[in-house]
Amino acid sequence: MATLDLITLTQILIAGALTGTLYAPLTLGFNIIYRSSRVVNFAQGELLLIGAYVAYTFTVLVASNLIIGLMLAIIATGLVGPLIERAVLRPLLARPVFAAILVTIGLGISLQGTSQLIWGVTPLAAPVSFPAEPIRIGPIILPSVSVYSALVSTILVSVLLLFYQKTKLGLSMRAAGEDQALAMALGVNVRTVIATAWTISAVSSTVAGVLLSGVFGFVSYYLLFVALRVYVAAIVGGLDSVGGAILGSILIGVGESIGGLLEPSVGPGFRDAFPLLLALIVMMIRPYGLLGTERIERI
Amino acid sequence: MSAPSGIYSKSYEDEIAIARTPIERLALIIGSILLLVFPLITPTYYSVVAIYIFIAIISSIGLNILTGFAGQVSLGHSALMAVGAYAAAVAARYAGLQFLPAIFIGGLAAACAGFVFGAPSLRIKGFYLAISTLLAHYIIFFIIHLPSVAPLLGVPHGFILPDVALGPFTISGTFRNLYFYYIALGLAVFSIITAHNLMRSRIGRAFVAIRDNENAAEVLGINVYRYKLLAFTISSFYAGLAGATYVYFVRVIIPGHFELRVTIEYIAIILLGGLGRIWGSILGSFIIIILSEGIRYITVTYLYVISPEVSAYVEAFKLVIYGAIIIVIILTEPYGVVALLRKVKQYFKLWPFRY
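Set out below in structure tokens:
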């Protein structure tokens, strides 16, 4: 540890923050579903996995052009959202939270199994590859994969935020998030809102899936492990806060880097376990997350 | 003068008896006899499946107490089974303990871990609790894989457990599965009776009160946090017992036995069987284990011939089925097969009238 100088430390922290930016679209997708329907989506990781596999299929097997392939993949996964809403979530309106949790778990493992049945268990090539040349900013060296994907990810998140804040549909989504019944009474079509939320979530998961498989260099069910960090990031940031989703993602990314740094002294796997420990601590102190609003319960 | 209609008890002992009517008593006797002669008249393979069912019953009773009775969602069940299994294995290997004390220690160790798993339930619930138990699952596995711990536990290659010994008798050789069948049956019966009685005592009623309305339960004078911790502890004891019995049966202990999919399997079991019913655990284990064995059997025997690669997809196929079961059950019959059976019973009772 003594050899650790300031530059290396900065480098590691920035790399962590970049990884965190990569989680942000996924956490935001999770967050949007929660805000519009109060359903916690335990199938977020599977949406990511399916997205990455579909992108693989379209870019490698269907279209020879990368851009067209990715566009097709985004359209295809975008259709999954309304489908899930219609088949699984609409019957769940006004049912206890408990039921929704278990249903999304069920949905998740079904999707997971289906993806293994369709695409097999052996890792496939990543649909997008990034230049191997690292990027240097002064004395700091960063892998270009993380820089480029963090860039794409930031753009996606900004677009989502603009949509959420500036469009009419975004407004009705926020309204439904505040109070579903009231929004319904004011003429907001809650079904459309929920379907849109799932579409956005599925599309941003696909983008995140493509980027993450680019980082790992392959598509396999290992990507599911990322989902855990998304839940953790959402909790750390606060389930009902968009800013919290982004902050949580970055914190988890940085936590991962710090965990990786401490790995030699603690033990293998600490890189993955450290953010989880952090999240447990946050949950004990602020159960509603860093930026979330505290719920007041009525009897 | 005729006897009053319905079930009519003359004493408190009658009221609390497990089999209250002549038909129930008859069913109990016939059922016991069938269970006792089952391994003697069927091929070994069936007793092996039955052993898996018994172990699943023990473990799913644990999860049902926590999720079905006390209403706390947990995704850490398989990690608790792992704690129990490893504690028993270590006790057997390093302290030379026999089977029964070893699995008991496994149960106790899991109960302690469950106490810790339950600690966050003071402030968080629902989704948050599900996530915190999921995190606890990964942290347990992280600890198991630590370089200072792993060699002791034989991670990742696993180590072989000693033969099951009861007093001077050692169970091995040809009749191992037969004897193990009776041991597992005994443990399952023990779990069913203890859980059944516990759930209709003060503790069980408190769990149900917390599940139905936490704030109301608190107003009624139930120490909610203490009872939640108790639910986690009791539930984990059964999980640990089942985990320990399982590794004793399969004889080798590896972390792979207790992956997250095992938790999912148990969630499917209690949902399918019926939440908040001991019977639900029994029926659910029966159906899911037979289903899972069936899927494995069909893939291995029939599909393997077509293409050897297919057998790699057994687990994937199981996942799809479990997921579908969870979704369909929650959307159509939230209280599972037990509620369904009750409806069927009601139908025949009232027949030919609708209600």
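As they're listed, the protein sequences go chains A and B.
Numbers 12 to 310, taken from our numbering, label the letters of the first sequence in order.
Numbers 13 to 367, taken from our numbering, label the letters of the second sequence in order.
The beta carbon of each residue, even a glycine, is placed where N, CA and C say it ideally should be.
A quick note: this is a predicted structure, and the numbers were derived from the prediction, not measured.
Distance, Cα to Cα, residue i vs residue j?
i	j	result
Val247 (chain A)	Val274 (chain B)	27 angstroms
Ile310 (chain A)	Ile43 (chain A)	Any reading at Ile310 (chain A) needs caution, since the residue's pLDDT is 49, under 50, leaving its predicted position unreliable; the model's value is listed next. Distance between the alpha carbons of Ile310 (chain A) and Ile43 (chain A) is about 28 angstroms.
Ala114 (chain A)	Ile143 (chain B)	Residue 114 (chain A) is actually Val in this sequence, not Ala. Their Cα atoms are separated by approximately 15 angstroms.
Val156 (chain A)	Gly119 (chain A)	28 angstroms
Ala256 (chain B)	Ser231 (chain A)	32 angstroms
Phe249 (chain B)	Ile148 (chain A)	55 angstroms
Gly108 (chain B)	Phe192 (chain B)	20 angstroms
Val259 (chain B)	Pro267 (chain B)	11 angstroms
Tyr159 (chain A)	Thr38 (chain A)	19 angstroms
Leu343 (chain B)	Gly117 (chain A)	11 angstroms
Gly80 (chain B)	Ala256 (chain A)	32 angstroms
Leu210 (chain B)	Leu48 (chain B)	26 angstroms
Leu20 (chain A)	Val265 (chain A)	11 angstroms
Leu190 (chain B)	Val161 (chain B)	35 angstroms
Arg188 (chain B)	Val293 (chain A)	49 angstroms
Leu120 (chain B)	Gly130 (chain B)	15 angstroms
Phe153 (chain B)	Tyr64 (chain A)	28 angstroms
Lys330 (chain B)	Ala336 (chain B)	10 angstroms
Val241 (chain A)	Arg297 (chain A)	18 angstroms
Phe111 (chain B)	Gly62 (chain A)	48 angstroms
Leu352 (chain B)	Ile338 (chain B)	15 angstroms
Leu221 (chain B)	Ala82 (chain B)	Inspection of the sequence shows that residue 221 (chain B) is occupied by Ala rather than by Leu. Near 8 angstroms, if we compare the C-alpha coordinates of Ala82 (chain B) and Ala221 (chain B).
Tyr367 (chain B)	Tyr233 (chain A)	53 angstroms
Tyr314 (chain B)	Asp175 (chain B)	34 angstroms
Asn76 (chain A)	Leu122 (chain A)	27 angstroms
Could you give the C-beta distance for residue i and residue j, rounded to a whole number, given that I count them as a contact under 8 angstroms?
i	j	result
Ser164 (chain A)	Leu222 (chain A)	6 angstroms
Gly92 (chain A)	Ala186 (chain A)	About 19 angstroms separates the two Cβ atoms, so there is no contact after all.
Gly200 (chain B)	Phe66 (chain B)	Reading off the sequence shown, one finds Ala at residue 200 (chain B), where the question assumed Gly. 4 angstroms between Cβ atoms; contact.
Asn76 (chain B)	Leu272 (chain B)	Going by Cβ atoms, the distance from Asn76 (chain B) to Leu272 (chain B) rounds to 19 angstroms, so no, they are not a contact pair.
Ala251 (chain B)	Ile234 (chain B)	Incorrect: roughly 24 angstroms between the Cβ atoms, too far for contact.
Phe50 (chain B)	Ala39 (chain B)	16 angstroms between Cβ atoms; not a contact.
Ser48 (chain A)	Ile205 (chain A)	5 angstroms
Identify whether residue i lies in helix, strand or coil by the three-state DSSP scheme.
i	result
Arg46 (chain A)	helix
Phe229 (chain A)	strand
Arg212 (chain B)	coil
Ile152 (chain A)	strand
Arg147 (chain A)	strand
Ile136 (chain B)	coil
Phe171 (chain B)	strand
Asn76 (chain B)	helix
Ile301 (chain B)	helix
Gly249 (chain A)	coil
Thr367 (chain B)	The amino acid at residue 367 (chain B) is misidentified as Thr; the sequence shows Tyr. Coil, per DSSP.
Glu314 (chain A)	Missing from the structure shown is residue 314 (chain A); chain A here goes from 12 to 310 and no further.
Phe50 (chain B)	helix
Gly56 (chain A)	helix
Tyr347 (chain B)	coil
Tyr20 (chain B)	coil
Asn200 (chain A)	coil
Tyr150 (chain B)	helix
Asp190 (chain A)	coil
Asn225 (chain B)	coil
Ala219 (chain A)	helix
Would you list the one or two residues that DSSP bridges to residue i?
i	result
Leu178 (chain B)	B:Phe181
Arg263 (chain B)	Looking at the DSSP assignment, Arg263 (chain B) forms no beta bridge with any residue, so it has no partner.
Phe41 (chain A)	Paired residue(s): none; Phe41 (chain A) is not in a bridge.
Leu135 (chain A)	A:Val230
Anyone know if the C-beta pair for residue i and residue j falls short of 7 angstroms?
i	j	result
Arg263 (chain B)	Ile172 (chain B)	yes
Arg282 (chain A)	Glu305 (chain A)	no
Tyr150 (chain B)	Leu287 (chain A)	yes
Ala114 (chain B)	Ala103 (chain B)	yes
Ser252 (chain A)	Gly303 (chain A)	yes
Ser183 (chain A)	Val199 (chain A)	yes
His269 (chain B)	Gly280 (chain A)	no
Ile69 (chain B)	Ser304 (chain B)	no
Val349 (chain B)	Leu283 (chain B)	no
Phe141 (chain A)	Gly56 (chain A)	no
Tyr278 (chain B)	Ser72 (chain B)	yes
Pro150 (chain A)	Ile18 (chain A)	yes
Val218 (chain A)	Pro102 (chain A)	no
Ile290 (chain B)	Ala229 (chain B)	no
Tyr299 (chain A)	Gly249 (chain A)	yes
Gly88 (chain B)	Thr245 (chain B)	no
Val243 (chain A)	Ile263 (chain A)	yes
Leu147 (chain B)	Leu291 (chain A)	yes
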